[in-house]
C-alpha cells in the first residue's frame, strides 16, 4: 500500500534523532527523501522478513515475558511480536512481522515525533485495532540508537487497559483488605526497621567474629545494644491496646528495645539468628514489656518476604497469651486441687479406659448375645478376656493402698490380677450393665491385692449415660475388711449372748424344776424308806416280792434327784471373768448389738452417760447382757403399747459407793401387782414371752453384789441397776 502523508510524517519522526542528537550537515529535504525511500521498500522488506518468520517464531526471548512486546525497525516495520502480543491482539506473529505497524494496528502516526522528540522513552494509552475490534492499550516505548544517534529500533510493551485497571482495582482491594485486616485482627502487629541491627551485625562480622550465636550468648550487653537499633515504623490497633498505648504515635518512632525485658533476651537472640539464617519465619512464646509497666505473655512471631528483607523491614506479631496462660494456670491449680482431693480421700478412686472392652461388647452385640452376664459366667475365659481389656488411666493414693501397690510399681496389663474367680459374678454383672447401658448398684465384693491376699471391698461404678468412645469409667472402692471382721466378731458375740441366754434360761428352768420336783421326790424317797423298814418286819415271801421293787424305786428317785442337781449346777450362772470395767463402754458396746432391733422397731435410744465415772469390777459379757435384756424389754413394751414413736433413755452416774445405770422407756408401764413378780422366773405379761430376761438380769446383778429395781412412771417404766464401785 502507498503510505499516507501521515505515515510519511510518522516515518520522518522515527528517523530523526531526538533533540540534541541531530546529525549536522544533513538537510531536512534529505531526511524526507530517506523516509520516502524507506516507505517504498515496505514490500521488499516484508517479503524478506516473512522468509525468516518460522525461525524467528521459536527464537524470540520475549516470549518469556508476561506482557506484549512489539519491536519496530527504523523503517516502521514490525520486527518482533511475542506470544503475549499474539494473545493481546489476536493475530499470529507470522501474519504481522514485516508489516508497517500503522497498517496492522490501524492508528495514525501524527504526534509520535513530538512524543519522542525530547526523550527516547514514552508511555501512554492509545486505541489499537485487534482481531476482535479496537481496544485501549497502555503502551511504553523505548528507542534504541547507535553511537551516532541514528535510530536502530523501538521496543514497545503493552497491556490491555482493562486488564491494567483490573490489576489496579485488585491491588487497591488487596491493600484495603490488608489495611482492614492489619487493624482489625486481634493480634498486635509491628512493622520494624531492622536495617540498623543488620548493619551492627555486619560490623561485628567484619571485626572477625565468626560464631555470632556464641558471641551473642556470651555478651548480653551487646544484645541490649542491638535492641536499640530497631525502629518501630507502624503498628495496628491491637498493638496499641495490648501494649497500653493511647494511640499509634505512642509506639511508633522509638526503639523496640523498650519492649524487651532482660529475661527475654534469649528469645530475642533466637529471633536474630533466625533472621541471619534466612529462615522464612520465627515463632516462640516470650514475655514483653507494656508501656504501662505490665508484662505481657505473648506468642512472638517474625516474618519477612525477600522484598522486605532487602529493605530491612520485618513484620512482628504478638498474640496475647495472658488469658490462655491464666486459664492453663487455673487448670493446673484445679487439677492439682483435684489430685490432692482425690489423694486425701479415704475412698479409692480408679479411672478406667474401656475402649477395648467396648470393642468386645460390639462383637457380642453383632453375635446377637442378649444375656451377657450368663454368657460370661458360662465360660470364665470370656470374663478373663474382658478383664484383660480393662486398663487403668489414673488412680489415687487410697486405691494404691487398697491394692497394696506403690505408684512406681510395675503391674500386669489389664485387671485380671485384681479379681479372684469367686468375684467373677460381680465383674460379669458390671459388664452386662454397660452392655445394656444401665449402672450396676453399689455392692460388696472381694478383690485380690498385689501380694495375693484377698480383701473385702464396697464397690460403686459410674459411667456417662451416653457411653461415648473414650469416655472414662470411674470406680470407687472402700476397704471394708475391718468392718467385715467386726461384723463377724459381732456375730460371734451375738452367738455367745444367745448361748448365754439359753444357758441362763436353762438355769432358771432347772431351778424351777428342782424347786417343783425336789419335794415330791423327797416324799417318794421318805415314804419308800418307811415302807422298806415296815416290810423288813414282814415275812420272807413279802420280802421276796416287795422289797426289790421298793429298793428299785428308791434308787431311781435318788438318781433323778442327782440328775436335777447336776443340771442345775451346770446351768447356773457362773462368776465369769471379773475385770475393771467402764460402765459407759459396756453400754455403748451393748447398744451396737441391738441397733438393728431399734431401727426395725422405730425406737430411738439416747445415752446420757456421766463423765469420768469410776470403774466397776465384773464380767463384761454378763453386764452387756443385762443392758441388752433391759433395752429389748423396753422395746417390746413400747411395741405392745399404743405409742406412735418409742424412745429409750439410758443414764449413768455415781452415787456414794454405787454406780447407777437407769433405763427409762415410754411404754405401757408396770402395774403395782406386776412390780412384785416382774423379776420372777417364767413370769411375763407379754404375748409369747417366756419371763426369762428380767430374771437373768437380776441373777447377774446379784452375782455382781448389786441390786436391780423396777418402778412405774406416769408414761413408761424405769429399771435401775446399782453396782458396787471398785476394782475387785
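Residue numbers (this note's numbering): 2 to 729.
The beta-carbon is built from N, C-alpha and C at its ideal position, and this holds for glycine as well.
Got a sec, what are the start and stop residues for the beta strand (DSSP E) residue 608 sits in? Counting from one through the chain shown, the residue named residue 608 turns up at place 607. It spans 604-609 - the beta strand (DSSP E) in which residue 608 sits, taken as one unbroken run.
If contacts are defined as beta-carbon pairs under 8 Å, then residue 193 and residue 257 qualify, I think. What distance do you get, rounded to the angstrom? By 1-based counting over the chain shown, the position of residue 193 is 192. By 1-based counting over the chain shown, the position of residue 257 is 256. That pair is a contact at about 6 Å.
So, at 6 Å on beta carbons, what are the nonlocal neighbours of residue 634 in its own chain, with the 5 sequence-adjacent residues on each side left out? The residue you call residue 634 lines up with position 633 of the chain shown. Cβ neighbours of residue 634 beyond the five flanking positions: 694.
The segment 647-655 in contact with the segment 594-608 per 3-pair CB rule at 8 Å: yes
Would you give the residue range spanned by the alpha helix (DSSP H) that residue 214 belongs to? As a working mapping, residue 214 is identified with position 213 in the chain shown. Counting along the chain, the alpha helix (DSSP H) containing residue 214 begins and ends at 213-219.
Where does residue 56 land, buried or exposed, given buried means 16+ other C-beta within 10 angstroms? Stepping through the chain shown from its first residue, residue 56 is reached at position 55. Low per-residue confidence applies at residue 56: pLDDT is 47, beneath 50, and the placement is therefore not dependable, though the value from the model is reported in the following sentence. Burial call: exposed.
Helix, strand or coil at residue 581 [DSSP, three-state]: Position 580 of the chain shown, counted from the start, is the residue given in the question as residue 581. Reduced to three states, the DSSP call for residue 581 is strand.
Simplified DSSP assignment, three categories, for residue 139: On the chain shown, position 138 is the one that residue 139 refers to. Three-state result, residue 139: strand.
Three-state class that DSSP yields for residue 290 in the structure shown: Here residue 290 refers to the residue found at position 289 when the chain shown is read from its first residue. Reduced to three states, the DSSP call for residue 290 is strand.
Consider the Cβ of residue 678: report whether some Cβ of chain C lies at a distance smaller than 9 Å. The structure shown contains no chain C; it holds only a single protein chain.
In angstroms with no decimal places, state the Cα-to-Cα distance between residue 377 and residue 356. Translated into the one-based positions of the chain shown, residue 377 becomes position 376. Translated into the one-based positions of the chain shown, residue 356 becomes position 355. Using only the alpha carbons, I get a separation of about 19 Å.
Just the Cα atoms here: how many angstroms apart are residue 334 and residue 395? By one-based count along the chain shown, residue 334 stands at place 333. By one-based count along the chain shown, residue 395 stands at place 394. When rounded, the distance between both Cα atoms is 18 Å.
With a CB to CB cut of under 8 Å and the five nearest residues on each side skipped, what residues in its chain are close to residue 726? For this step, residue 726 is matched to residue 725 along the chain shown. Contacts found: 615, 616, 617, 655, 658, 659 and 660.
Mapping DSSP to helix, strand and coil, what is residue 82? Translated into positions along the chain shown, residue 82 becomes position 81. Correct three-state label for residue 82: strand.
Endpoints, alpha helix (DSSP H) assigned at residue 208: In the chain shown, the residue the question calls residue 208 occupies position 207. Where residue 208 is concerned, there is no enclosing alpha helix (DSSP H), given that its DSSP letter is neither H nor E.
From the DSSP output, in three-state form, read off residue 387 for me. If you number the chain shown from 1, residue 387 lands on position 386. The answer is helix: DSSP assigns residue 387 an H, G or I state.
Closer than 8 Å is the cut-off here; do at least three beta carbon pairs connect the segment 391-410 with the segment 449-465? yes
Would you list the one or two residues that DSSP bridges to residue 146? As a working note, residue 146 is residue 145 in the chain shown. According to DSSP, which records beta bridges pairwise, residue 146 is partnered with 152.
Segments assigned beta strand (DSSP E), at least 3 residues, entirely inside the segment 213-262: 232-236
I need the straight-line Cα distance from residue 594 to residue 631, nearest angstrom please. As a working note, residue 594 is residue 593 in the chain shown. As a working note, residue 631 is residue 630 in the chain shown. Each residue's Cα considered, the two are about 13 Å apart.
So is residue 715 buried or exposed if we call it buried at 16+ other beta carbons inside 10 Å? By 1-based counting over the chain shown, the position of residue 715 is 714. Exposed is the call here.
Close Cβ partners of residue 147 (< 8 Å) along its chain, the five nearest in sequence each way excluded: Locating residue 147 in the chain shown gives position 146, where the first residue counts as 1. The residues are 153.
May I ask you to report which of helix, strand or coil DSSP gives residue 612? Along the chain shown, one-based indexing puts residue 612 at 611. Coil at residue 612, not helix or strand.
Work out the CA separation of residue 493 and residue 485 for me, nearest whole Å. Against the chain shown, residue 485 aligns to sequence position 484. Against the chain shown, residue 493 aligns to sequence position 492. Computed Cα separation, rounded: 12 Å.
Let me know the secondary structure DSSP gives residue 159 once reduced to three states. Your numbering for residue 159 matches position 158 in the chain shown. Three-state DSSP puts residue 159 in a strand.
Segments of 4+ residues assigned as alpha helix (DSSP H) that fall wholly inside the segment 307-393: 307-312, 323-345, 356-368, 373-378 and 381-389
Residues bridged to residue 661 by DSSP? Walking along the chain shown from the start, residue 661 turns up at place 660. 654 and 723.
Quick one: is residue 734 buried, meaning 16 or more other Cβ sit within 10 Å of its Cβ, or exposed? The structure shown does not extend to residue 734, since the chain is modelled only from 2 through 729, so no value can be given for it.
Could you give the C-beta distance for residue 361 and residue 390, rounded to a whole number, given that I count them as a contact under 8 Å? Within the chain shown, the letter at position 360 stands for residue 361. Within the chain shown, the letter at position 389 stands for residue 390. Contact holds; Cβ gap of about 6 Å.
Taking all protein chains shown into account, do 16 or more other C-beta atoms lie within 10 angstroms of the C-beta of residue 100, making it buried, or fewer, making it exposed? Stepping through the chain shown from its first residue, residue 100 is reached at position 99. The residue in question, residue 100, is buried, as its Cβ has 16 or more Cβ neighbours within 10 Å.
Of the listed residues 247, 83 and 309, nearest to residue 62 (C-alpha basis): Start at 1 with the first residue of the chain shown, and residue 62 comes out as number 61. When each option's Cα is compared against that of residue 62, the closest is 83.
Got a sec? Which residues, its chain only, sit under 7 Å from residue 723 by beta carbon, not counting five neighbours each side? Position 722 of the chain shown, counting from 1, holds the residue named residue 723. Cβ neighbours of residue 723 beyond the five flanking positions: 659, 661, 707 and 708.
Which residues share a DSSP beta bridge with residue 282? In the chain shown, residue 282 corresponds to position 281, counting from 1. Bridge partners of residue 282: 304.
For residue 201, which of helix, strand or coil comes out of DSSP? Translated into the one-based positions of the chain shown, residue 201 becomes position 200. In this structure, residue 201 counts as helix in the three-state DSSP scheme.
Residue closest to residue 132, alpha-carbon to alpha-carbon, out of 86, 151 and 140: Mapped onto the chain shown, residue 132 falls at position 131. Measuring from the Cα of residue 132, the nearest candidate turns out to be 86.
Quick one: give me the first and last residue of the alpha helix (DSSP H) that residue 596 is part of. Stepping through the chain shown from its first residue, residue 596 is reached at position 595. Unbroken alpha helix (DSSP H) run through residue 596: 596-601.
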